[in-house]
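Remarks on the structure that follows.
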Amino acid sequence: MNFELTEEQLMIQQAARDYAQRELIKDVTERDTKAEFPTEHVRNLAELGFMGIMVDPKYDGSGMDTISYVLAMEELSKVDASASVIVSVNNSLVCYGIEKYGTEAQKEKFLKPLARGEKIGAFLLSEPEAGSDATSQRTTAEDKGDYYLVNGTKNWITNANSASTYVLIAQTHPEKKHKGINALLVDKNTPGISLGPHEDKMGMRSSDTHSVMFTDVKVPKENRIGEDGFGFKFAMKVLEGGRIGIAAQALGLAAGALERATAYAKERKAFGTVIANHQAIAFKLADMAVKVENARNLCLKAAWLKDQGKPFGVASAMAKQYAADIAMEVTTEAVQIHGGYGYVKEYHVERLMREAKLTQIYEGTSEIQKIVISRDLLK
Amino acid sequence: MKILVLIGNVPDTTTKIKFNADKTAFDASGVQWIINPWDELALTRAVELKEAHADKIESIVVANVGRAETEATLRKALAVGADEAIRIDADAKDAWYVASQLAKVAAGFDLILAGIEASDYNGSAVGGMLAEMLDMKSVSAVSGIELADGALKISREIDGGSQTLSMQTPLLAVVQKGIAKEPRIPAMRGIMMARKKPLNVVAAADAEEHTAFVGFELPAPKAACKMIAEDQAGELINLLHNEAKVL
Ligand SMILES: Cc1cc2nc3c(=O)[nH]c(=O)nc-3n(C[C@H](O)[C@H](O)[C@H](O)COP(=O)(O)OP(=O)(O)OC[C@H]3O[C@@H](n4cnc5c(N)ncnc54)[C@H](O)[C@@H]3O)c2cc1C
Ligand SMILES: Cc1cc2nc3c(=O)[nH]c(=O)nc-3n(C[C@H](O)[C@H](O)[C@H](O)COP(=O)(O)OP(=O)(O)OC[C@H]3O[C@@H](n4cnc5c(N)ncnc54)[C@H](O)[C@@H]3O)c2cc1C
Numbered sequence: 075m076n077f078e079l080t081e082e083q084l085m086i087q088q089a090a091r092d093y094a095q096r097e098l099i100k101d102v103t104e105r106d107t108k109a110e111f112p113t114e115h116v117r118n119l120a121e122l123g124f125m126g127i128m129v130d131p132k133y134d135g136s137g138m139d140t141i142s143y144v145l146a147m148e149e150l151s152k153v154d155a156s157a158s159v160i161v162s163v164n165n166s167l168v169c170y171g172i173e174k175y176g177t178e179a180q181k182e183k184f185l186k187p188l189a190r191g192e193k194i195g196a197f198l199l200s201e202p203e204a205g206s207d208a209t210s211q212r213t214t215a216e217d218k219g220d221y222y223l224v225n226g227t228k229n230w231i232t233n234a235n236s237a238s239t240y241v242l243i244a245q246t247h248p249e250k251k252h253k254g255i256n257a258l259l260v261d262k263n264t265p266g267i268s269l270g271p272h273e274d275k276m277g278m279r280s281s282d283t284h285s286v287m288f289t290d291v292k293v294p295k296e297n298r299i300g301e302d303g304f305g306f307k308f309a310m311k312v313l314e315g316g317r318i319g320i321a322a323q324a325l326g327l328a329a330g331a332l333e334r335a336t337a338y339a340k341e342r343k344a345f346g347t348v349i350a351n352h353q354a355i356a357f358k359l360a361d362m363a364v365k366v367e368n369a370r371n372l373c374l375k376a377a378w379l380k381d382q383g384k385p386f387g388v389a390s391a392m393a394k395q396y397a398a399d400i401a402m403e404v405t406t407e408a409v410q411i412h413g414g415y416g417y418v419k420e421y422h423v424e425r426l427m428r429e430a431k432l433t434q435i436y437e438g439t440s441e442i443q444k445i446v447i448s449r450d451l452l453k
Numbered sequence: 002m003k004i005l006v007l008i009g010n011v012p013d014t015t016t017k018i019k020f021n022a023d024k025t026a027f028d029a030s031g032v033q034w035i036i037n038p039w040d041e042l043a044l045t046r047a048v049e050l051k052e053a054h055a056d057k058i059e060s061i062v063v064a065n066v067g068r069a070e071t072e073a074t075l076r077k078a079l080a081v082g083a084d085e086a087i088r089i090d091a092d093a094k095d096a097w098y099v100a101s102q103l104a105k106v107a108a109g110f111d112l113i114l115a116g117i118e119a120s121d122y123n124g125s126a127v128g129g130m131l132a133e134m135l136d137m138k139s140v141s142a143v144s145g146i147e148l149a150d151g152a153l154k155i156s157r158e159i160d161g162g163s164q165t166l167s168m169q170t171p172l173l174a175v176v177q178k179g180i181a182k183e184p185r186i187p188a189m190r191g192i193m194m195a196r197k198k199p200l201n202v203v204a205a206a207d208a209e210e211h212t213a214f215v216g217f218e219l220p221a222p223k224a225a226c227k228m229i230a231e232d233q234a235g236e237l238i239n240l241l242h243n244e245a246k247v248l
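Written out as structure tokens, the structure is:
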């Protein structure tokens with residue numbers, strides 16, 4: 075077994091760290107307060123290659139492995155999880171899905187600009203009444219011969235406004251239940267698409283989340299990904315990979331909070347000494363460090379399995395559930411170690427705590443991950 | 002135009018400095034190595050110039066005196082945008098020794114960029130020595146380089162103001178902070194391309210060493226600071242007199 079990172083992986087980790095610590099940090103609090111999309115940062119991240127990390131260079135991606143993706147997500151998320159979720163959705167839900175299951179023509183038309191980061195993608199699965207239970211899709215894609223006619227509402231869509239390309243999951247054959255579902259590539263400017271208001275969220279406030287309404291939207295047949303009825307399987311496969319991205323995001327939130335809490339504990343004095351010298355604080359830091367290290371190992375293991383072409387669904391569910399749950403715990407403790415200063419925006423940890431909460435909810439709640447893990451165990 | 006950028010391999014600036022048992026050598030175990038910050042800025046400026054004047058600048062070469070462990074640092078320089086790297090296979094000893102090694106590979110360049118100092122031993126000597134060895138004109142404390150009408154427009158920060166010079170190549174510029182705004186972060190495309198760029202290893206030349214390390218000391222830890230309330234001037238005098246014994 076080899077725990078060493080390659081020189082290239084280290085360089086990517088450092089590049090992500092430099093960008094986060096030098097650039098994202100500058101306006102992260104202000105963007106959070108104003109719920110402002112990081113347009114300029116996304117452009118810079120695209121130039122650095124972060125919008126298509128794992129895409130084959132022949133489709134204009136960076137051609138790096140999933141381990142590099144985890145390292146980059148961790149570093150970006152230490153500072154700004156709103157920016158990192160934009161990266162994650164584009165990479166692992168949109169680019170990955172098209173590259174793995176799309177046709178050459180779809181890759182040429184849709185994947186290349188997404189991998190270059192000139193365009194952003196969004197993944198539209200959840201509905202007002204279909205969240206954890208994604209099989210009960212109400213959005214319909216009626217087969218009209220050479221096109222699909224789409225009607226319905228998608229909810230909680232990350233990048234909904236900033237994206238140009240939608241990967242849409244919709245029901246074509248309701249009688250076949252989840253086997254009648256299709257995945258379609260939809261240009262956001264197609265007539266009949268409208269957005270709900272920007273959701274006023276607890277955290278990840280500078281990523282744009284909206285509901286998306288479809289009214290008689292025509293989508294060409296050639297935009298369907300895979301065979302007729304492949305859509306649900308497609309969504310589940312893509313989410314397996316996506317979970318590695320969100321797991322790494324949760325890891326980054328926890329690791330970032332740990333870094334801040336450690337530095338603070340070495341400086342803040344109470345009762346005549348730095349608080350790190352009070353064992354109650356030192357032990358908190360020790361517990362946090364063990365959790366962060368466990369989460370990191372789970373993330374890297376899932377990424378490694380994916381890179382080796384081995385099954386990684388259960389590993390990515392474990393990584394996502396564990397990293398998300400400890401992100402909540404570790405960020406909460408980081409606020410505690412900061413005392414009153416942890417409760418205000420200047421020290422960042424209160425934001426990390428708000429952001430950590432979402433990692434337990436999206437791309438499969440912690441409970442849903444436990445369903446995946448326990449079903450595999452009990453089969 | 003061909004540009005050579007000298008690349009020092011130095012411990013990351015957050016490194017905890019330790020020495021060996023008899024305090025005659027730096028203990029490099031567990032150290033993370035980086036490009037000397039001034040050299041990284043010099044390289045960034047070279048890459049910016051090449052991007053802006055692709056027709057005039059043919060190539061950027063980076064050179065380092067060091068053993069195989071320093072190759073990661075050189076590959077980072079390639080990822081940032083250098084076209085070719087040279088490693089002179091020798092331990093970087095004193096400034097004279099390093100400059101003598103670099104002189105062997107530095108012929109034929111129109112512009113050589115050296116950092117004003119290295120963040121390890123802060124010698125501030127290699128750039129000037131190299132220029133003399135190459136019999137090349139040099140300018141120090143450069144904080145700006147532009148290409149203008151077949152000449153180099155050089156800016157320098159001087160006491161109380163700034164100075165602008167017009168200079169012809171060949172030239173060695175010793176650069177300081179300000180030469181580029183921020184060190185360039187390598188893009189993944191650059192990281193990928195670095196794999197394929199040449200990194201040539203050259204044997205060390207015979208050169209004298211003029212220094213031997215006798216010993217290292219860490220600076221004394223900062224003494225704890227005592228705060229005295231503003232209306233306690235008497236107490237201040239008392240402490241300065243009886244405790245610090247400076248009065
Ligand atoms: C900010 C944000 C961004 C999002 N971005 C996207 C996006 O880009 N694309 C997209 O498609 N979706 C997105 N989502 C949706 C997200 O994936 C869903 O919110 C999530 O899947 C949960 O669904 P739900 O909200 O309907 O909750 P529900 O499914 O109603 O769950 C409510 C609670 O019940 C629990 N529960 C449900 N079923 C079970 C069960 N069988 N056993 C035990 N417990 C159960 C859940 O774990 C949860 O605690 C986003 C959500 C948010 C908040
Ligand atoms: C929104 C808000 C409103 C407030 N309102 C008021 C108010 O109206 N009036 C008022 O007087 N104050 C107020 N406070 C201040 C509040 O009571 C303090 O923030 C609190 O007492 C903690 O002090 P601190 O922030 O300096 O943290 P610190 O004392 O620096 O503590 C930092 C961390 O070290 C731990 N720690 C400290 N000493 C030890 C030890 N010996 N052993 C183990 N762990 C230790 C703490 O538990 C904490 O986790 C308010 C604070 C906030 C955030």
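Chains as they are written, first to last, in the working numbering: chain R, 75 to 453; chain H, 2 to 248.
Every residue, glycine too, gets a C-beta built ideally from N, C-alpha and C.
Remember, predicted model here, so these are calculated numbers, not experimental data.
Is the beta carbon of residue i less than 9 Å from the beta carbon of residue j?
{"i": "Thr213/R", "j": "Glu201/R", "result": "yes"}
{"i": "Ala257/R", "j": "Ile231/R", "result": "no"}
{"i": "Ala189/R", "j": "Tyr133/R", "result": "yes"}
{"i": "Ile117/H", "j": "Leu103/H", "result": "no"}
{"i": "Asp59/H", "j": "Met2/H", "result": "For the record, residue 59/H in the displayed sequence is Glu; it is not Asp. In this structure, Met2/H lies closer than 9 Å to Glu59/H by Cβ."}
{"i": "Ile172/R", "j": "Asn233/R", "result": "no"}
{"i": "Ser144/H", "j": "Gly179/H", "result": "yes"}
{"i": "Ala363/R", "j": "Leu332/R", "result": "yes"}
{"i": "Leu313/R", "j": "Leu167/R", "result": "yes"}
{"i": "Met134/H", "j": "Met138/R", "result": "no"}
{"i": "Glu85/H", "j": "Pro184/H", "result": "no"}
Does the CB of residue i have a neighbour CB from chain H at under 9 Å?
{"i": "Leu372/R", "result": "no"}
{"i": "Arg96/R", "result": "yes"}
{"i": "Leu150/R", "result": "no"}
{"i": "Ala136/R", "result": "Per the sequence shown, the amino acid found at residue 136/R is Ser instead of Ala. Judged by the 9 Å Cβ criterion, Ser136/R is in contact with chain H."}
{"i": "Pro131/R", "result": "yes"}
{"i": "Glu121/R", "result": "yes"}
{"i": "Tyr396/R", "result": "no"}
{"i": "Asp92/R", "result": "yes"}
{"i": "Ala89/R", "result": "yes"}
{"i": "Phe197/R", "result": "no"}
{"i": "Phe124/R", "result": "yes"}
Below 7 Å on C-beta distance, what does residue i contact in chain R?
{"i": "Ile113/H", "result": "The contacting residues do not exist; Ile113/H stays about 26 Å from chain R at best."}
{"i": "Lys246/H", "result": "Those within 7 Å of Lys246/H in chain R number zero; the least Cβ separation is about 26 Å."}
{"i": "Ala73/H", "result": "Glu81"}
Counting contacts by CB-CB distance shorter than 9 Å, is residue i in contact with chain R?
{"i": "Lys94/H", "result": "no"}
{"i": "Arg196/H", "result": "yes"}
{"i": "Glu70/H", "result": "no"}
{"i": "Pro184/H", "result": "yes"}
In chain H, what lies closer than 7 Å to residue i by C-beta?
{"i": "Glu420/R", "result": "Within 7 Å Cβ-Cβ: nothing; Glu420/R doesn't reach chain H, min ~23 Å."}
{"i": "Ser166/R", "result": "In chain order: nothing, as chain H lies at least about 16 Å away."}
{"i": "Met85/R", "result": "Lys77, Ala80, Pro187, Ile192"}
Which class does residue i belong to by DSSP, given the choice of helix, strand or coil?
{"i": "Met168/H", "result": "strand"}
{"i": "Tyr122/H", "result": "coil"}
{"i": "Tyr240/R", "result": "strand"}
{"i": "Val143/H", "result": "strand"}
{"i": "Ile251/H", "result": "The structure shown does not extend to residue 251/H, since chain H is modelled only from 2 to 248, so the question has no answer here."}
{"i": "Ile104/R", "result": "In the sequence under discussion, the amino acid at residue 104/R is Glu, which differs from the Ile named in the question. Three-state DSSP puts Glu104/R in a helix."}
{"i": "Lys431/R", "result": "helix"}
Mind listing the chain H neighbours of residue i? Cutoff is C-beta to C-beta under 9 Å, in chain order.
{"i": "Ile127/R", "result": "Met189"}
Run down chain H in chain order and give the residues with a C-beta less than 8 Å from the C-beta of residue i.
{"i": "Asp220/R", "result": "Per Cβ cutoff of 8 Å: no residues; Asp220/R is ~39 Å from chain H at best."}
Strictly under 9 Å for the Cβ-Cβ distance: is residue i near chain A by that measure?
{"i": "Phe345/R", "result": "The structure shown contains no chain A; its protein chains are R and H."}
Could you pull out every unbroken beta strand (DSSP E) segment of at least 3 residues lying fully inside the region 249-311 of chain R, listed in chain order?
255-261, 267-269, 283-294
Could I get the ranges of all uninterrupted alpha helix (DSSP H) runs contained in the region 181-237 of chain H, with 4 residues as the minimum, in chain order?
189-195
Complete alpha helix (DSSP H) runs within the region 349-396 of chain R (minimum length 4 residues, chain order):
353-381
At what residue ranges does the region 153-235 of chain R contain a whole run of the beta strand (DSSP E), taking only runs of 3 or more?
195-198, 214-217, 221-232
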